[in-house]
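Its first residue numbered 0, the sequence shown is counted upward by one per residue in our numbering.
These notes concern the structure reproduced below.
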Amino acid sequence: QVHVMESGGGLVQAGGSLRLSCVVSGSTSLISVIGWYRQALGNERELVASITSSDIIDYGDSVKGRFSISRDNANRVVLQMDGLNSEDTAVYYCKFYDFRQNYWGQGTQVTVSS
């Protein structure tokens, strides 16, 4: 059974940084995409960044140049968030896609105070 777990959220002042981690366990797929999404109160869930098993990376327009996604190993992905502002306040979710099914973590809260 695939399990996705996020960590690293918290409260940070505007202009600060946070580092989120996503660990995926239980998958045997050689091809996958791990993505970070976020959902602010009253908004739809949106893509923040994603990385494929062949390290192809994509970013949402609102975070380009500020956030960086990287892979520590096959099962752990890190999202480095710099230059945070109040609009980045949201619950951040990690999603694992093995080209058959999506698996979501429970999310981690990121709050940016101005």
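From the three backbone atoms N, C-alpha and C, an ideal C-beta is built for every residue, glycine too.
Pick helix, strand or coil for residue i, following the three-state DSSP scheme.
i: Asp60; result: helix
i: Ser53; result: coil
i: Ser85; result: helix
i: Leu78; result: strand
i: Ser20; result: strand
i: Val1; result: coil
Which residues does DSSP pair with residue i in a beta bridge?
i: Gln38; result: Val90
i: Thr110; result: Leu10
i: Ser69; result: Val77
i: Leu29; result: For Leu29, which the question treats as bridged, DSSP gives no partner whatsoever.
Given this structure, state the Cα-to-Cα distance separating residue i from residue j, to the nearest angstrom.
i: Arg70; j: Ser113; result: 30 Å
i: Asn74; j: Val1; result: 11 Å
i: Ser6; j: Ser20; result: 5 Å
i: Ser61; j: Leu10; result: 20 Å
i: Tyr96; j: Ile33; result: 6 Å
Quick test of the definition: if touching needs 3 or more C-beta pairs under 8 Å, does the segment 13-27 touch the segment 101-113?
yes
Does the segment 33-52 come within contact of the segment 66-81, defined as at least 3 CB pairs closer than 8 Å?
yes
Evaluate contact between the segment 83-93 and the segment 29-40, counting only Cβ atoms and requiring at least three cross-stretch pairs below 8 Å.
yes
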